[in-house]
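Contents: one structure, followed by commentary.
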Amino acid sequence: MNATVRRGLACLLLACLPAAAGAADNAPEPAPAAPAPAQPAPPDLNLRIERYASSIGSDGVQRETRYADLMYRRADMVWIERDYPAALRASAEHGHDGHAGQDPHAGHSHANTTGSPLWVRRDAAGKDQVRMVLRKQHKVLDIDEANYGNVGYNGSWAATYGIADPRQLQRMQPDGAPAQGVQRYRQARGESQVLIDWDIQGQYARRIEIQGPHGLSVSKVTVTDAAAPSPAPWVLLKDYETGDYSDLLD
Numbered sequence: 009m010n011a012t013v014r015r016g017l018a019c020l021l022l023a024c025l026p027a028a029a030g031a032a033d034n035a036p037e038p039a040p041a042a043p044a045p046a047q048p049a050p051p052d053l054n055l056r057i058e059r060y061a062s063s064i065g066s067d068g069v070q071r072e073t074r075y076a077d078l079m080y081r082r083a084d085m086v087w088i089e090r091d092y093p094a095a096l097r098a099s100a101e102h103g104h105d106g107h108a109g110q111d112p113h114a115g116h117s118h119a120n121t122t123g124s125p126l127w128v129r130r131d132a133a134g135k136d137q138v139r140m141v142l143r144k145q146h147k148v149l150d151i152d153e154a155n156y157g158n159v160g161y162n163g164s165w166a167a168t169y170g171i172a173d174p175r176q177l178q179r180m181q182p183d184g185a186p187a188q189g190v191q192r193y194r195q196a197r198g199e200s201q202v203l204i205d206w207d208i209q210g211q212y213a214r215r216i217e218i219q220g221p222h223g224l225s226v227s228k229v230t231v232t233d234a235a236a237p238s239p240a241p242w243v244l245l246k247d248y249e250t251g252d253y254s255d256l257l258d
């Protein structure tokens, strides 16, 4: 029996003694325990998320992928869109689509949705509403759960809102004390190593790194501050048509 339990039993025994034992009849009741402090609401954020992946195949060829997204986080809402390189944006403004030759789907209603903004909202019941924005077509498409993977949504509100799911940190080992508002966590997964730098106040992952077995693969996510959009892109959707993502699959 530990000391805490013994003290608890002692208090219970004393409470059961009759008043003649010396306890006053009108003795005040102990004050109720103070409630645990509420977790502060996550702040609004404007972030640039750079993603990098490298792997070496059995053929000895190293393949790399690098791209960046802009993420605007507000209460119960996340907006994510591709941060295209300046040269690619300039090419698009001149009417170039980056593909040589005739488009085999020319004249077809299918739209290129790669990198299109995702607008994810969570209602009071905890249900996600996922939408894709097609700016050229002035359309907003509802995405059903079966097509989440097709549009790049992982299906996890927590992992999207915090870039990493904060519940994952409970299974990881803190690496030292927090420094400059960031706590580093590490975890071994078989022969792989996972590192997360967690922004304590902002409640999001500033850095995620996964080293694969034997150093043959690496995945990195690096998060930095970005300028707030003006105007906010979601306020520009009032005149957009609405539809379903399944319409693109016909």
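Heads up: the sequence shown begins at 9 in the working numbering, then just goes up one per residue. The C-beta atom is built at its ideal place from N, Cα and C for all residues, glycine as well.
As assigned by DSSP and simplified to three states, the class of residue i
i	result
Glu-58	strand
Leu-245	helix
Asp-52	coil
Asp-255	helix
Asp-91	coil
Burial state of residue i, where buried means 16 or more other Cβ atoms lie within 10 Å
i	result
Ala-172	buried
Ala-213	buried
Gln-110	Model confidence at Gln-110 stands at a pLDDT of 44, short of 50, so the residue's coordinates are unreliable and nothing is read from them.
Ala-41	Any reading at Ala-41 needs caution, since the residue's pLDDT is 49, under 50, leaving its predicted position unreliable; the model's value is listed next. Ala-41 is exposed by the Cβ-count criterion.
Asp-247	exposed
Gly-223	exposed
Thr-73	exposed
Asp-207	buried
Gly-170	buried
Val-243	exposed
His-116	Caution is warranted here: a pLDDT of 40 is assigned to His-116, below 50, making its placement in the model unreliable, and the coordinate value is therefore given only provisionally. His-116 comes out exposed.
Ser-238	exposed
Pro-221	exposed
Ser-337	The structure shown has nothing for residue 337, since the chain only spans 9 to 258.
Gly-68	exposed
Lys-144	exposed
Asp-252	exposed
Pro-210	It is Gly, not Pro, that sits at residue 210 in the sequence shown. Gly-210 should be labelled buried.
Thr-168	buried
Lys-147	buried
Asp-205	buried
Arg-197	exposed
Arg-139	buried
Leu-78	buried
Leu-5	Since the first and last residues shown for the chain are 9 and 258, residue 5 lies out of range.
CB-CB length for residue i against residue j, believed under 8 Å
i	j	result
Ile-218	Val-231	Not confirmed; about 15 Å, so no contact.
Asp-52	Arg-81	6 Å
Trp-165	Pro-125	Not a contact, Cβ separation roughly 17 Å.
Val-190	Arg-59	Val-190 to Arg-59, Cβ: 19 Å. No contact.
Pro-186	Tyr-193	Incorrect: roughly 11 Å between the Cβ atoms, too far for contact.
DSSP beta-bridge partners of residue i
i	result
Arg-82	Met-85
Ala-76	Glu-58
Val-229	Arg-59, Ile-216
Arg-97	According to DSSP, which records beta bridges pairwise, Arg-97 is partnered with nothing at all.
### Query
Could you give the uninterrupted runs of the alpha helix (DSSP H) lying entirely in the stretch 111 to 163, keeping only those of 4 residues or more?
156 to 159
### Complete beta strand (DSSP E) runs within the stretch 166 to 224 (minimum length 3 residues, chain order)
190 to 197, 200 to 207, 212 to 219
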